[in-house]
Amino acid sequence: MIRIEFPTRRRQVARTNSSRSTAQHDSGRVYLRSLGSDAASFYEAFDSFCRGEDIYGPFWDHILGHWKMSLAVPERVLFLTYDQISEQPNHYVKKIAEFLGCPFSAVEEDEEVVNGVVKMCSFNHLSQLEVNKSGVTKLGHENRFFFRRGEIGDSMNLLTSEMINKMDQIAQEKFSPYGLKM
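So in my numbering the end of the sequence shown lands on 957, straight run, no missing numbers.
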């Protein structure tokens with residue numbers, strides 16, 4: 776989530792991963808901390824995530840809150856998914872810049888500044904930065920654990936088909952009444 780403060784108004788760009796990606800990330804983080812103790816920790820963390828028990832609060836409510844705000848005040852909250860941005864990165868970089876009141880100029884577009892921003896913010900570039908390969912968070916977690924493949928659908932390599940079905944069912948139940956599809 777990115778929060779940009781402006782002198783007279785606040786705007787927010789809410790970017791979210793799919794529930795599958797978030798669950799595998801959060802469950803994986805717990806699993807990594809528990810290596811050497813109990814391999815069932817990954818499954819326990821996954822079940823906790825599905826029940827809405829997460830250190831950051833219930834994922835489902837968090838995403839739904841941003842979605843509802845983007846519908847109520849679209850001039851102040853831009854809601855995007857990782858999938859959308861991945862499929863059309865140049866389009867969404869321009870859209871974010873316009874939303875924040877800092878559109879790219881014709882000269883910048885001619886000089887392919889948008890492509891440069893997309894490249895610098897790409898998963899491949901960010902995952903190769905030394906700080907992300909060797910750094911540690913304030914809580915002592917290695918930064919490299921925050922980067923997986925950065926591919927849409929990678930959850931199939933980390934979650935069982937039963938887990939994926941459970942995530943899809945919960946997402947459908949929680950989000951579809953509000954018109955949100957993830």
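Each residue gets a CB set at the ideal place from its N, CA and C atoms; glycine is no exception.
Counting Cβ pairs closer than 8 Å, one from the region 906–913 and one from the region 876–896, do we hit at least three? no
Just how far apart, CA to CA, sit W842 and K869?
21 Å
* Asked: Where DSSP assigns a beta bridge to F824, which residues make up the other side?
  -> According to DSSP, which records beta bridges pairwise, F824 is partnered with nothing at all.
F879 in three-state terms, based on DSSP = coil
- Message: To the nearest angstrom, how far is the alpha carbon of F854 from that of V788?
- Response: 6 Å
Q.
Quick test of your reading: V848 and N865, contact by CB under 8 Å. State the CB separation rounded to the nearest angstrom.
A. Going by Cβ atoms, the distance from V848 to N865 rounds to 26 Å, so no, they are not a contact pair.
* To do: Could you say which of M931, L934, L901 and L933 lies nearest to N918 if we only look at CA atoms?
  => L901
message: So, at 8 Å on beta carbons, what are the nonlocal neighbours of M912 in its own chain, with the 5 sequence-adjacent residues on each side left out?
response: It should be noted that the sequence gives Thr, not Met, for residue 912. Counting only Cβ-Cβ distances below 8 Å, and skipping sequence neighbours, we find N918.
* Asked: Out of curiosity, what's the CA-to-CA distance linking P833 and V852?
  -> 20 Å
- prompt: Can you list, in chain order, the stretches of the beta strand (DSSP E) that have 3 or more residues and sit fully within the region 841–912?
  reply: 852–856
ask   = Which one of N899, S823, S845 and M938 has the shortest CA to CA distance from F874?
value = S845
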